[in-house]
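Contents: one structure, followed by commentary.
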Amino acid sequence: MMLISEIKNIDNINKYNLDGIIISYKPFSTTADFYASFEEIEYINDYCHNNNIASILKVDKIIEQKEMDELYEFLDSVHPLSIDYYIFSDMAVLSYFKEKNMLNKLIYSAKTLICSYNDALFYSDMGIKVIVSNELTLESIVKMSELDNIIIDGYGYSNIFYSKRKLLSLYSEAKNLNKNLKNKVLQIREETRKENQPIIENENGTFIYTSSKYLFFKELLELKNLFMFKIEAFMINENDLLEVINIYKKALEGEVTKENYLKLINIDSNITSSFLYKKPMILKEKNNE
Amino acid sequence: MSKIELLSPAGNLDKLKIAIMYGADAVYIGGKKFSLRARASNFDLEDIKEACLFAKEYNAKVYVTMNIIPHEEDYEGLVEYLTFLEEAGVSAIIASSMHIIKTALKLRKKMEVHLSTQLSIMNSATCNYYKSMGVDRVVLARELDLEQMQNLRENTDVEIEMFIHGGMCASYSGRCMLSNHSVNRDANRGGCAHSCRWNYNLIEDGKNINDDGYFNFGARDLSALQAIPRLIDMGINSLKIEGRMKSEYYIATVVKTYRKLIDQYIETKNVDLNYYALELKKAENRLASTGFLYGDVTIKEQLYDRDEHPTKEFVGVVSSYDGKVATIEQRNFFAPGDEIEVFGPSIDNKKFIVGEIKDNEGIVLDAARHPKQIIKLEIPFAVSKNDMLRLVNKKQF
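These protein sequence lines are chains A and B, in that order. In terms of our numbering, the first sequence opens at residue 721 and continues consecutively. In terms of our numbering, the second sequence opens at residue 34 and continues consecutively.
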């Protein structure tokens, strides 16, 4: 089982005790604290290969028709690097790798769309790994872990809203705020609630995250298989991230202990089990069929 | 190239019949299983059979939405349901789940498989990939502009369906979990609470950015009226109206308007878009915009200042006409002296002034006050069952 995450600072790359390093690249990665240049992709990829670490390129944007040529030129340009995996959410990426007969390099990450064993199986049959939704019950995840292609995004803020609209800039303009609200993490708080949800607008649109960090830890003991465990590094400071990585590294080697759990809580107690132990409601009429 | 399709929503059998009678080539409905819009009056199995029989009489098609993102427990009865739909005469399912799609493709004899807008399809490579799986049609994401749509159309031969009218998500469809996390309702299984339309404080470094008002990020509805000629010319296969929750009156008005526009454009290549815009405004007064059709959205496409209230223009439906007196089922208040416009599948906006109104017992009323009340009034021209009455001008005192 591989532990994967992004790095915050290329100069500290050797401090990251990871089995796989996720690399973000503008404009095809949705959000990140650190976007690599092409030269930095080459550097990180070399570092990974020299240290028996998997390199993982995040190309998870929804791709528009006008971006197709640029996307394929980019994929052509990184192809000689033999990057190990690509995180994607658009079938334009899948089509590229299908043509090259390299679907086994792919990790599907339209997380809100992967909510069941059967949908994960569809990708498993093609050799594609999937990052599963963070809105699932533990029971569902355990069932899905019977497959060989499952990745859990098990620590960090969960993305819960992806829009093409530049919602913060538009709001600033509409209300004459005269403020540049792009590329900085702000918070939104619904008028009757207490929780703040991070929101960020960048070139790819607007993204909203959960108010608490998802924590999947002791549940690791329940799983049958897990291909990768991902830590969502976005909005976590580097020191905390390095500590969290070290704790999960031990956990994945068998130390799923109360002591390690408490260490995680000590780093940040603002955590949530999301839907692991509750089911979302479905507003269905009574079914009389 | 086949004629472009006008595709209407239908929340129940009555709405389905109205949509088809008013000119829809096809309707999409939700069954009790596997469908979003859980609060729409979804169709049970007998309703689906009846819907298909009714549609067949008019040479129209019925599509069934199976567009939830299923969890483990949601798959129960999938094969039986798909088999039933095929046998009932359903022309296509609209789905998002790869397992549902794959199962449908394996089982189907004639029934088509359409991909829901939940998959946010924005490029021709994705269209071609799904076509290679056997999918017959894709519903494009609402975030694509006309230029890109044209280019996409030129690079794929899968059937393309696109939304032209109705509600818009603030996010990419299928990529919003706000309802899940704010009110524990699963947006991708029909529980969307429209959290994007709530009021939020926007905070930077612990301080409200705007003390004078809330941060809103809901989107205005879509109205692609002015783009219809171009969409027809570029070879889009189906133009879809959103709104399985909408009223019969809304369905009738919107379907009839787009039906006339499409037919007139195909016949004459010359249409007065202002006329059709005014017709659409009679349906309801939610704020509309052109969405992403002409490029990135601006503040005009966002819903910052809501001034929406239910329209009361719809005042009745014709039940019968004896050559002089019409029997009407009342829907909103009207009174003698009011000017009423009648429209229907075979009548175009004919007006009259309301005279004497009687109830079913022949008692003269001072006004039609009660929803669903059966009333009688003289109409000076022929009307037919299912024609609708809208209030144009209140009597001036």
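All C-beta atoms, glycine included, are put in the ideal place defined by N, C-alpha and C. All figures in this text were calculated on a predicted structure; none of them were measured in a lab.
Please report the straight-line C-alpha distance between residue i and residue j, rounded to a whole angstrom.
i, j, result
"B:E105", "A:Y837", "7 Å"
"A:N1008", "B:K48", "Low per-residue confidence applies at A:N1008: pLDDT is 30, beneath 50, and the placement is therefore not dependable, though the value from the model is reported in the following sentence. A:N1008 and B:K48: Cα-Cα distance of roughly 21 Å."
"A:E975", "A:M721", "14 Å"
"A:T992", "A:S931", "9 Å"
"A:N770", "A:L943", "31 Å"
"A:K1004", "B:G63", "Residue confidence for A:K1004 is low, a pLDDT of 46 falling below 50, so the modelled location carries little weight; the figure read from the coordinates is stated next. Near 12 Å, if we compare the C-alpha coordinates of B:G63 and A:K1004."
"B:S130", "A:K950", "24 Å"
"A:L858", "A:F937", "11 Å"
"A:L897", "B:E237", "13 Å"
"A:N729", "A:V852", "27 Å"
"A:Y968", "A:E979", "12 Å"
"A:Y981", "B:G239", "29 Å"
"A:K1006", "B:R277", "Low confidence applies to A:K1006: its pLDDT is 38, below 50, so where it sits in the model is not reliable, and the reading given next is rough at best. Cα to Cα, the separation comes out at about 18 Å."
"A:K998", "B:A310", "47 Å"
"A:N924", "B:A321", "24 Å"
"B:D266", "A:D845", "40 Å"
"B:E194", "B:L336", "26 Å"
"B:I51", "A:S860", "42 Å"
"B:N84", "B:V330", "Sequence inspection shows Ala at residue 84 of chain B; the Asn mentioned does not correspond to that position. When rounded, the distance between both Cα atoms is 38 Å."
"B:N382", "B:Y327", "32 Å"
Give a yes or no on whether 8 Å exceeds the smallest Cβ distance from residue i to chain A.
i, result
"B:L255", "no"
"B:F367", "no"
"B:E105", "yes"
"B:K135", "yes"
"B:C85", "no"
"B:V330", "yes"
"B:D431", "Coverage of chain B is limited to positions 34 through 430, which leaves residue 431 of chain B absent and any answer about it impossible."
"B:V270", "A small fix is needed here, since residue 270 of chain B is Asn in this sequence, not Val. Output row for B:N270: interface = no."
"B:Y337", "yes"
"B:R218", "yes"
"B:Y91", "no"
"B:L140", "no"
Determine, using beta carbons only, whether residue i comes closer than 8 Å to chain B.
i, result
"A:Y877", "no"
"A:N990", "no"
"A:K778", "no"
"A:L935", "no"
"A:N916", "yes"
"A:I783", "yes"
"A:N838", "yes"
"A:I724", "no"
Taking 8 Å as the cut-off, decide whether the C-beta atoms of residue i and residue j are in contact.
i, j, result
"B:A203", "B:C229", "yes"
"A:A756", "A:G876", "no"
"B:A57", "B:L78", "no"
"B:Y96", "B:S153", "no"
"B:F196", "B:L264", "no"
"B:V350", "B:R364", "yes"
"B:M144", "B:L173", "no"
Are there 16 or more other CB atoms within 10 angstroms of the CB of residue i, so buried, or fewer, so exposed?
i, result
"A:L996", "buried"
"B:Q429", "exposed"
"B:D190", "exposed"
"A:N922", "buried"
"B:V397", "exposed"
"A:F748", "buried"
"B:V375", "buried"
"B:P404", "exposed"
"A:F758", "exposed"
"B:L149", "Checking the displayed sequence, the identity of residue 149 of chain B turns out to be Ser instead of Leu. Buried is the call here."
"B:N221", "buried"
"B:T301", "exposed"
"B:M166", "exposed"
"A:E911", "exposed"
"B:E120", "exposed"
Return yes when the C-beta of residue i is under 7 Å from any heavy atom of the ligand GDP, and no when it is not.
i, result
"B:I386", "This structure simply doesn't include the ligand GDP, nor any ligand for that matter."
Using 8 Å as the cut-off, can you tell me whether the stretch 808-826 of chain A makes contact with the stretch 755-774 of chain A, which would need three or more C-beta pairs spanning the two stretches below that distance? As far as the Cβ criterion goes, the stretch 808-826 of chain A does not touch the stretch 755-774 of chain A, which means the pair count is below three.
Evaluate contact between the stretch 385-392 of chain B and the stretch 300-307 of chain B, counting only Cβ atoms and requiring at least three cross-stretch pairs below 8 Å. Fewer than three Cβ pairs drawn from the stretch 385-392 of chain B and the stretch 300-307 of chain B lie within less than 8 Å of each other, which leaves the two stretches out of contact.
Does the structure place the stretch 773-788 of chain A close enough to the stretch 732-740 of chain A that three or more beta carbon pairs sit under 8 Å? These segments touch.
Stretch-stretch touch, CB-based, cutoff 8 Å, three pairs: the stretch 402-412 of chain B with the stretch 354-364 of chain B: The answer is yes - the stretch 354-364 of chain B touches the stretch 402-412 of chain B, with three or more Cβ pairs under 8 Å.
Can you confirm whether the stretch 209-223 of chain B touches the stretch 282-292 of chain B when touching is taken to mean that 3 or more C-beta pairs between the two stretches lie within less than 8 Å? Judged by Cβ distances under 8 Å, the stretch 282-292 of chain B makes no contact with the stretch 209-223 of chain B, as fewer than three pairs qualify.
Three or more C-beta pairs closer than 8 Å, one from the stretch 784-796 of chain A and one from the stretch 155-166 of chain B: is that the case here? With a cut-off of 8 Å, the stretch 155-166 of chain B and the stretch 784-796 of chain A count as touching, because enough Cβ pairs lie within range.
Should the stretch 872-892 of chain A be called in touch with the stretch 243-255 of chain B, which here means at least 3 C-beta pairs below 8 Å? Contact holds: three or more Cβ-Cβ distances are below 8 Å.
Is the stretch 818-831 of chain A touching the stretch 110-129 of chain B in the sense that three or more CB pairs, one from each, lie closer than 8 Å? Not touching, per the Cβ criterion.
Counting Cβ pairs closer than 8 Å, one from the stretch 177-187 of chain B and one from the stretch 777-785 of chain A, do we hit at least three? Using a Cβ-Cβ distance cut-off of 8 Å, the stretch 177-187 of chain B and the stretch 777-785 of chain A are in contact, since at least three pairs of beta carbons, one from each stretch, lie closer than that value.
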